[in-house]
Structure formats: structure tokens, C-alpha cells
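Undergrad: Start counting the sequence shown at 1; every next residue gets the next number (full-length UniProt numbering).
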Amino acid sequence: MLATEIRNLFQEIWHEPVNFIGFCSSTLFDEPLKIPSNHMTRFHRTAKRMRLDIGNFLKQLLPSFCNFLAISADGVVGTNSEANKSFEIENKKSLSFLLIPKLENLQIHSFTIDIHTYTTQVDDILGPGTNHIPEDVKAILYFCNEPLCPPDIGYTLMQYFPESVLVGGFVDNLICPQKCLNDSGGQSDPSLLCIAFSGARLRVASVLIEEHINSKEEVEANIRKLKNCKLPEEQSFAFMFTCIGRGFHHYGVSNVESAVFRQFFPKTPLVGFFGTGEVGFTHLPSEGNVCENGKVDNNRTLPKLYHTYTTIICLLSVV
Numbered sequence: 001m002l003a004t005e006i007r008n009l010f011q012e013i014w015h016e017p018v019n020f021i022g023f024c025s026s027t028l029f030d031e032p033l034k035i036p037s038n039h040m041t042r043f044h045r046t047a048k049r050m051r052l053d054i055g056n057f058l059k060q061l062l063p064s065f066c067n068f069l070a071i072s073a074d075g076v077v078g079t080n081s082e083a084n085k086s087f088e089i090e091n092k093k094s095l096s097f098l099l100i101p102k103l104e105n106l107q108i109h110s111f112t113i114d115i116h117t118y119t120t121q122v123d124d125i126l127g128p129g130t131n132h133i134p135e136d137v138k139a140i141l142y143f144c145n146e147p148l149c150p151p152d153i154g155y156t157l158m159q160y161f162p163e164s165v166l167v168g169g170f171v172d173n174l175i176c177p178q179k180c181l182n183d184s185g186g187q188s189d190p191s192l193l194c195i196a197f198s199g200a201r202l203r204v205a206s207v208l209i210e211e212h213i214n215s216k217e218e219v220e221a222n223i224r225k226l227k228n229c230k231l232p233e234e235q236s237f238a239f240m241f242t243c244i245g246r247g248f249h250h251y252g253v254s255n256v257e258s259a260v261f262r263q264f265f266p267k268t269p270l271v272g273f274f275g276t277g278e279v280g281f282t283h284l285p286s287e288g289n290v291c292e293n294g295k296v297d298n299n300r301t302l303p304k305l306y307h308t309y310t311t312i313i314c315l316l317s318v319v
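1. Looking at the secondary structure, which residues open and close the beta strand (DSSP E) in which Met240 lies?
2. Going by the CB atoms, is the gap between Phe281 and Ser206 shorter than 8 Å?
3. Since Ile71 and Phe143 are thought to touch, with beta carbons under 8 Å apart, how far apart are those beta carbons, to the nearest angstrom?
4. Quick one: Cα of Leu193 to Cα of Thr119, how far?
5. DSSP three-state call for Phe161: helix, strand or coil?
6. Spell out a yes or no on whether the region 6-24 and the region 52-72 are touching, meaning 3 or more CB-CB pairs, one atom from each, closer than 8 Å.
7. Using a Cβ-Cβ cutoff of less than 6 Å, which residues in the same chain neighbour Val76 once the five nearest sequence positions on both sides are dropped?
8. If the criterion is Cβ atoms closer than 8 Å, does the pair Pro36 and Leu52 meet it?
9. Any idea which residues DSSP pairs Gln107 with across the strands?
10. Tell me whether the region 131-139 and the region 225-238 touch, counting them as touching only if at least three CB pairs, one residue from each stretch, are closer than 8 Å.
11. Going by beta-carbon coordinates alone, are Pro310 and Glu210 separated by less than 8 Å?
12. Of all the beta strand (DSSP E) runs that stay within the bounds of the UniProt domain "FIST C-domain" (220-280), which reach a length of 3 or more residues?
13. If you count every other CB in all the chains shown that lies within 10 Å of the CB of Glu82, and 16 or more means buried, which is it?
14. Below 8 Å between beta carbons: does that hold for residue 320 and Lys138?
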């Protein structure tokens, strides 16, 4: 049973997570999990199974102080618990997640935006001193469940955080903590979830695999650029956000891009999803578009952010 498999996996966790970043398939999100009872009963047929949605089930398995951030999408990218093999799972119930403990040189902050009212709330959300978001943000994950999300929101984020890399995509659902949902007041629930990473020793690189790339050799050439940034493999984790039209439908076989990533980064966890539009740009520190402290050059021309039929891979390393 899937719920039992997930519960057993959490029992193997050896550190206490303070951040959970998860990706589940929409087929898993849409159907409540059957949770077996932990209590014995004299009569087998009277034993009851609880039904919980995947978000509430996962939150029950995590410490109460753990920041729970998740989305659902058409498919999932994940890495096994040994961190030695990655998978692209399409059209199946699936779940992948990254559990991050407290790290001295890494800070993670999340915030949500209602895309329908953001022009009146952006200063309250992103202004100096608000939401405890530091100014030295180096990477932002951008997950939106509205296909008509105004594109200038991404550029606004880059203007507020000019030294950051912005990556993500369009998803089916945000699985937010309850505190991020509006209970009353006539406001709509947020449709954009952002996760900001900062830290003096955090380094970030990203690469965009463009629509026309359709062979393993071309993928290798792109991911080799990430490898050439020379970020320490064992102190890194990575995100992969790809179009539902890529994967098996694009290459004729599964796991092409994730397998190439694993070829170059055999010890780095990779998680992500198959979505309906990608957000991001190529950012390669080794090619001179960052300052000596590893930040993006804030004098750059703003890049093209929004794409279709592409893959964006972002590597984060605490050095």
C-alpha cells in the first residue's frame, strides 16, 4: 500500500528536517490515501481505514516545526533514498521530496502571491524587512497554478532580488500550509508559491535545455556546462523542471535528461516535476556572469524567463 511505503520511508530518515519541498503527481493528489489503522481489532472486517489527502498525510509524518511546501503536477522527477539513481515518472502515482535539515550557511524562506492582486501587495510581501526575507537571495523557486499568470511577476521578483536565479514552472496545484490560504475577507487563495534560498556560502548555477535539443549527446553538452562550474557535488542538491511534452514523448525512451544529470553528478539528489510551462534561464558562474562572491551580476540585462517544451535544471551548493 502506498501510504505504508511512504510511512516506512520516513522512518528511515536520520536527521530532523526543518524544510520539506515536495512534488507529487496530480493523480496522487486527486485521490485520498487509504491509511491503515495502527490499532488492533477483534473483527477484521470492522477495521477502518482513514482517508487523507497526500498533503495532510505527509504533514502528519513531519515535525510540527517543519516548513511544508509542495505542489502537484503531471509527472515527477525524483531520486532514490540512496541518492544514486534518478527517475522521471510520467502518468503514474508518484511522489518525490527533498528534506533539508538546519544548515548554518543556508536559509530558506517561502512566500505566496495572489496573482490577481499582486500589484497592490508586492511591497508588503517583498519590501525591506517584510516576511523576514533577506536581501541576498540567490535562488527562487517559482511555482504557479494559474496558466494566465502575468509574466511581469517574474521580472518583478528579479528586480526585488537582483542577485538571484529564478527557476520553476506551471503546476496543477499548490499544496500550501493552511496559514497561506485565505479563510475569509473575499480574497482568493494564492496562486503563486515562491521558495527563496540565501546564505553567504550558497552557490547557484542553472542551465536551460532548449526545445530543439532532442538527443542524449546534446543534453550531455548542456549539463557538462553545469559540471564545469565546479560546485562540490556532495554538498549540492538540484531541481529539474521540464515540460510534459518532453520525457518519453520527446526522446522515445524514459529518463534521458535525469540519467545524464546522474552521469555528471552521481552523488547529487535531483527532484522536480513535469509541468505545463517552464521558468528560468541559464546561469553559469564559470562563464563570468557572476561576481566573485558567487552572486548574479545585478547589472545584467533581464533574460527571457518563460518557456515551453524545455527543461530547466538548477544546482544549489553550500560550499
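Where a beta carbon is used, it is the ideal one built from N, C-alpha and C, also for glycine.
TA: In this structure, then:
1. As a working note, residue 240 is residue 240 in the sequence shown. Note, Met240: beta strand (DSSP E), 236-243.
2. Here the question's residue 206 lines up with position 206 in the sequence shown. Here the question's residue 281 lines up with position 281 in the sequence shown. Judged by beta-carbon spacing, Phe281 lies within the 8 Å limit of Ser206, meaning their Cβ atoms are closer than that value.
3. On the sequence shown, residue 71 is found 71 positions in, with the first residue counted as 1. On the sequence shown, residue 143 is found 143 positions in, with the first residue counted as 1. With 8 Å as the limit, Ile71 and Phe143 qualify as a contact, their Cβ atoms being about 5 Å apart.
4. As a first step, residue 193 is located in the sequence shown; it is residue number 193 there, counting from the start. As a first step, residue 119 is located in the sequence shown; it is residue number 119 there, counting from the start. Using only the alpha carbons, I get a separation of about 16 Å.
5. The residue given as residue 161 occupies position 161 in the sequence shown. Residue state, collapsed to three classes: coil.
6. Per the Cβ contact rule, the region 6-24 is in contact with the region 52-72 (3 or more Cβ pairs under 8 Å).
7. The count along the sequence shown starts at 1 and reaches residue 76 at position 76. Closer than 6 Å at Cβ, skipping near neighbours: Phe23, Ser25, Ile89, Ser94, Ser96, Phe273.
8. Position 36 of the sequence shown, counted from the start, is the residue given in the question as residue 36. Position 52 of the sequence shown, counted from the start, is the residue given in the question as residue 52. Taking 8 Å as the Cβ cut-off, Pro36 and Leu52 do not qualify as a contacting pair.
9. For the purposes of this step, residue 107 is identified with residue 107 of the sequence shown, where counting begins at 1. Checking the DSSP bridge columns, you'll see Gln107 partnered with Ser198.
10. The region 131-139, when compared against the region 225-238, does not touch it at the 8 Å Cβ threshold.
11. In the sequence shown, the residue the question calls residue 310 occupies position 310. In the sequence shown, the residue the question calls residue 210 occupies position 210. A small correction: the amino acid at residue 310 is Thr; Pro does not occupy that position in the sequence shown. At a Cβ-Cβ threshold of 8 Å, Thr310 and Glu210 count as neighbours.
12. The beta strand (DSSP E) runs of length 3 or more contained entirely in the UniProt domain "FIST C-domain" (220-280) are, from start to end of the chain, 236-243, 270-275.
13. Along the sequence shown, one-based indexing puts residue 82 at 82. The Cβ neighbour count for Glu82, taken over all protein chains shown within 10 Å, is under 16; the residue is labelled exposed.
14. There is no way to answer for residue 320, as the model of the chain reaches only from 1 to 319.
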